[in-house]
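One line per chain: the protein sequences are A and B, in this order. Residue numbering for the first sequence follows the numbering used here, starting at 1 and increasing by one per position. Residue numbering for the second sequence follows the numbering used here, starting at 1001 and increasing by one per position. Don't be surprised by glycine CBs; every beta carbon is placed ideally from N, CA and C. Owing to the predicted nature of the structure, the values given are computational and were not obtained by experimental measurement.
Protein chains: 2
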Amino acid sequence: MARRSRRRGGEGGVGETSSKIYQLPRQQLKNPYLPTEVLSEDQLETIHLASLKILKEIGIDILLPAAKEYYKNAGADVDSNSDRVRFDPAMVESFIGLAPSTVTLLARNPENNMIIGENYVHFDTVSSTPNVSDIDGGRRPGNKKDFHNLVRLAQHFNVISCIGGYPVEPLDYHPSTRHLEATRDIIQLSDKPIRGYSLGLTRLQDALTMSKISRGLGEHSEINDTILMTTINVNSPLVLDDAMLEGIIEMAKTNQLSILTPFTLAGAMAPVTLAGAIAQQNAECLAAYMLSQIVVPGAPIMYGGFISNVDMKSGSPAFGTPEYVKTAMAGGQLARKYDLPYRSSNVNASNAVDAQSAYESVFSLWGAIMGGANLLKHGAGWMEGGLVASFEKFILDVDLLQMFTEFLTPIKVSDAELGLEAIADVGPAGHFFATEHTQERYKTAFYPPILSDWRNFESWHEAGEPKTHEKANTVYKQALEEYQQPHLDASINEELIAFVDRRIAEGGIATDF
Amino acid sequence: MARRSRRRGGEGGVGETSSKIYQLPRQQLKNPYLPTEVLSEDQLETIHLASLKILKEIGIDILLPAAKEYYKNAGADVDSNSDRVRFDPAMVESFIGLAPSTVTLLARNPENNMIIGENYVHFDTVSSTPNVSDIDGGRRPGNKKDFHNLVRLAQHFNVISCIGGYPVEPLDYHPSTRHLEATRDIIQLSDKPIRGYSLGLTRLQDALTMSKISRGLGEHSEINDTILMTTINVNSPLVLDDAMLEGIIEMAKTNQLSILTPFTLAGAMAPVTLAGAIAQQNAECLAAYMLSQIVVPGAPIMYGGFISNVDMKSGSPAFGTPEYVKTAMAGGQLARKYDLPYRSSNVNASNAVDAQSAYESVFSLWGAIMGGANLLKHGAGWMEGGLVASFEKFILDVDLLQMFTEFLTPIKVSDAELGLEAIADVGPAGHFFATEHTQERYKTAFYPPILSDWRNFESWHEAGEPKTHEKANTVYKQALEEYQQPHLDASINEELIAFVDRRIAEGGIATDF
């Protein structure tokens, strides 16, 4: 994609038409600005110490016996009559610094490799929503067709770095084999980095095998590169279940990337107070972190922050709130304290692609970006607190992510950029449009938004008063037209299909439904 | 207003009903976070030096002879054959530091006094739009009725600090007497700080007289307090016209606040390059700054930043763009370099209260707030690049400003806030809702947005799928119901009316239309 898009960025390139959707080139985007710190150094340390106290005095319920063994052998206090595991602060501290601060996640197309850490920023697509929507078809359960189209959009837009899950659940793939069929489809439709779901060991192992196959390595090859990511959720408060613990262990053993993400709603799964919710999230992260480093010191992980609040009148979850922004930024401070890459999200609780969806998303984005996030999950398409992937919201988010990319491009200060000669030539009361200084630059001087309608009222009115989400509807269809399936060697594709078919024939994963 | 609202914030207060729109109390809001710096120290100095070079080598056209005299006597190079005035860098540097870093702008109700500077943040209402709109009446020319209602909204909402102009132009007041009638109305409908328009000396003097009268000082009283603000726009590039120069001089002489705001669109009235536009803005600000300090050293002024870009395809102005955010933040850095209070704006170019209006506004707001703005002009209601004041957008913005207020409220970290006892009581796999820790706090733990609809899809669908702007429509009407006219002594009101009537009988201001 990168090659094609760079060509597209030029002028008058072969096959370029004015109807192409404006795209910035694929890049390893960096955030050049200092993150916003919402906690003082003292507060940060106090929260760290509170987390240690939680781990020592309250502990975490560890549901997987093998994980208990790991923790026990590393010096944790494992209760023999319950699942409770407690950790001495010195033990916790001894693990901090072991995990790498930067991870390179490889794509099957090396141009899409992701450097995750330092001040790099990557945007992921929405994932794992049960429903999907667009203006034409309304809200409907996730299905193969929409799943494929969302993967195509995520592949098509350069600003999206990876396919970090199923953008929508393809519910018409049976749960016992969905991970096989959906992962196969993603590999066929995209050449960006992929995710396995940590829902039992076999699903993860299948995903890793398929990721190996996708790059021409044999099914049984040994690989030490990081070619798969997974999300590890904590069952907040303070429980790590079998599947997640298996995931941490398996990913550490195979040098794959675990994104440790307690998801908590303050007032429900965590204290109603932000400091308490952050301390609990941090304790949960540290517990998961320790296990990965016990299994393999130096195993790649990310620190995930995902605290929001509930509407205390109705209990409904809220996203993109001022409280969400503060905890996103605080999470970034903790990740940096531990020298870990940081994951945040682009979220909102709106039912429509209206003003609410936009302001909640932009709040989330500022929290993430100025919180120092290295990976933004759910970057494009997330709606209704994660219950819907919206095609129109996807385009709106792509536009927002491109705007953030532009914001993160520093102001250049040089003689040419200061343009004092142009200012002198124009002089007082003059106009800059016709100057050479302007004419040389105007085509690329500013980011041209995909959706923003800057016509005057009269022109806009004559055009039928189109709203943002209506334009997004036409743009997503145009993007699907423009989409080009990336190359996949026929032999690799055959091997991939054969593997999936064999695993399906074997029955996939046992499920109870 | 503050008193009434604080009561309202309590529980079960007299007259409190559940239908009241949620308001945060009036406060001198502070920004506790470090501003985002988009320019390095070196870049900042380079831009400063470029501005000095513009002032020395190109100069500014100064159209008012009296202003030329002031500049000449202070050592500027005044061209005898043109309006051009040039400034030696040493002269410019000699004025830096003279203006106060903090100004207190007094309201007729002392509870609404504004401390402007340091890390205080104040939000103003939209001003000076020629049109007004709401869902019911559509887009229409500014008029008395809508003008009055917008002033009422600005008075009603605690988050709005001042009435920094006519929220919409009451075009049915004749231009020759509009300033008298509109300022009288504002004083009657609101007790927050006010603005005079710098459109000729008489208008400013009349506004200052009316501000004196409004606080029971006589029409001819001497006053050294700052009780009026005005905006000084530069005719970019590099021209200060008669009216603006008269304004700077008059405001300095009377110790009133001039908000120096070059308004430029990069690529039109300033270089297409951001560094060039910032350097030009800075030169223009410094020229106006010097005049105020020549007239009265220590006269109160603000540094205003207002650079946006144009759509280079159509020439349409754009607002709330990534470029806008960067220049807003850069402007804040320059203001802090000169130790001046900083003014920014909440702007967008949308024709509808849709997703675009929201994302452009929230971008503007982040640029302003994290750029260190002390005063946010056009804080609520601005649409279409300033051509329309929207009632629905007003409410959306009030909600956003309250969310920023919440964001600017630091996370508290204390034993009670960390809530380790609650975490221990709840334990792994528990739920926090029923805990005492939660029950004691849940009513006030989180900001409850005015507009955000957090119902699940089914409930929202059954309610008719209301969009954000539709709810805003009902809320603005509710706010007008809740509005209470502030007290104004009958004798003051009589004196105010008598003054206005006399000035109208005298003919107001000569106009050519």
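Residue burial classification, residue i (beta-carbon count within 10 angstroms, cutoff 16)
{"i": "A1434/B", "result": "exposed"}
{"i": "I1497/B", "result": "exposed"}
{"i": "R1140/B", "result": "exposed"}
{"i": "K1192/B", "result": "buried"}
{"i": "R1008/B", "result": "In this prediction, R1008/B has a pLDDT of 34, which is less than 50 and means its spatial position is unreliable; nothing more can be read from the coordinates."}
{"i": "H1220/B", "result": "exposed"}
{"i": "R1203/B", "result": "buried"}
{"i": "D124/A", "result": "buried"}
{"i": "G13/A", "result": "Residue confidence is low: G13/A scores 34 on pLDDT, short of 50, so the model does not pin down where it sits. No coordinate-derived value is stated."}
{"i": "S1018/B", "result": "Note on S1018/B: pLDDT 46, under 50, position unreliable in the model; no value is reported."}
{"i": "P1065/B", "result": "exposed"}
{"i": "G142/A", "result": "buried"}
Same chain, Cβ closer than 8 angstroms to residue i, five either side skipped, listed in chain order
{"i": "M1244/B", "result": "S1198, I1232, N1233, V1234, N1235 and A1288"}
{"i": "L98/A", "result": "Q293, P297 and G298"}
{"i": "K326/A", "result": "V38, L274 and G367"}
{"i": "E1011/B", "result": "At E1011/B, the pLDDT of 36 sits below 50, so the modelled position is not reliable and the matter cannot be decided from this model."}
Whole-Å CB distance - residue i paired with residue j, under 8 angstroms assumed
{"i": "V103/A", "j": "L55/A", "result": "V103/A to L55/A, Cβ: 25 angstroms. No contact."}
{"i": "L396/A", "j": "A472/A", "result": "5 angstroms"}
{"i": "V38/A", "j": "A330/A", "result": "6 angstroms"}
{"i": "A355/A", "j": "V1353/B", "result": "6 angstroms"}
{"i": "N374/A", "j": "I47/A", "result": "About 21 angstroms separates the two Cβ atoms, so there is no contact after all."}
{"i": "E1250/B", "j": "Q1205/B", "result": "7 angstroms"}
{"i": "I1115/B", "j": "Q1028/B", "result": "5 angstroms"}
{"i": "S101/A", "j": "P486/A", "result": "Not a contact, Cβ separation roughly 31 angstroms."}
{"i": "I1278/B", "j": "I1301/B", "result": "Wrong, their Cβ atoms sit about 19 angstroms apart, outside the cutoff."}
{"i": "S350/A", "j": "N1456/B", "result": "With 8 angstroms as the limit, S350/A and N1456/B do not qualify as a contact, their Cβ atoms being about 12 angstroms apart."}
{"i": "G1445/B", "j": "M312/A", "result": "Here residue 1445/B turns out to be Ala, not Gly, going by the sequence shown. That belief holds up - the Cβ atoms of A1445/B and M312/A are roughly 6 angstroms apart, short of 8 angstroms."}
Sequence-distant residues of the same chain with beta carbon closer than 6 angstroms to residue i, five excluded per side
{"i": "P1032/B", "result": "P1410"}
{"i": "S214/A", "result": "R108 and I187"}
{"i": "E1506/B", "result": "none"}
{"i": "S364/A", "result": "G320, N346 and V347"}
{"i": "G1304/B", "result": "I1259, L1260, T1261 and R1343"}
{"i": "F157/A", "result": "V398"}
{"i": "P449/A", "result": "D399"}
{"i": "V1085/B", "result": "G1059, I1060, I1062, Y1071, A1076 and V1078"}
{"i": "L1106/B", "result": "N1113, D1225 and I1227"}
{"i": "H1437/B", "result": "G1419 and A1422"}
{"i": "T1468/B", "result": "L1451"}
{"i": "M383/A", "result": "S390 and K393"}
beta-carbon residue i near the ligand HEM non-hydrogen atom, thresh 8 angstroms
{"i": "G1386/B", "result": "Ligands in the displayed structure: none, and consequently the ligand HEM is not present."}
Nonlocal neighbours in the same chain, by C-beta distance under 7 angstroms from residue i, ignoring five residues either side
{"i": "F95/A", "result": "Y289, M290 and Q293"}
{"i": "Y1166/B", "result": "S1127, S1128, F1147 and A1182"}
{"i": "S254/A", "result": "The displayed chain sequence assigns Thr, not Ser, to residue 254/A. Taken in chain order, the residues that qualify are L208."}
{"i": "F1404/B", "result": "L1365 and I1369"}
{"i": "N149/A", "result": "L480"}
Endpoints, the alpha helix (DSSP H) within which residue i is located
{"i": "I497/A", "result": "A490 to A505"}
{"i": "Y1476/B", "result": "T1468 to E1482"}
{"i": "P65/A", "result": "P65 to N73"}
{"i": "N282/A", "result": "L274 to V295"}
Residue i: first and last residue of the uninterrupted beta strand (DSSP E) it sits in
{"i": "K377/A", "result": "L375 to K377"}
{"i": "G117/A", "result": "M114 to G117"}
{"i": "L105/A", "result": "T102 to L105"}
{"i": "V398/A", "result": "Careful: V398/A lies outside any beta strand (DSSP E), inside the alpha helix (DSSP H) at F391 to F407."}
{"i": "D61/A", "result": "I60 to I62"}
Best match in the options for proximity to residue i [C-alpha to C-alpha]
{"i": "I60/A", "options": "P1428/B, Y1071/B, Y1324/B and F1394/B", "result": "P1428/B"}
{"i": "P1025/B", "options": "D1501/B, M1302/B and Y1447/B", "result": "Y1447/B"}
{"i": "D1225/B", "options": "G1218/B, P1237/B and K1212/B", "result": "K1212/B"}
{"i": "E169/A", "options": "G386/A, I504/A, K467/A and G216/A", "result": "G386/A"}
{"i": "A358/A", "options": "D339/A, G372/A and A380/A", "result": "A380/A"}
{"i": "E1246/B", "options": "L1401/B, A1328/B, K1144/B and A1067/B", "result": "A1067/B"}
{"i": "A1510/B", "options": "L1228/B, E1360/B, L1044/B and H1174/B", "result": "H1174/B"}
Residues that residue i contacts on chain D, provided the C-beta gap is smaller than 7 angstroms
{"i": "A358/A", "result": "The structure shown contains no chain D; its protein chains are A and B."}
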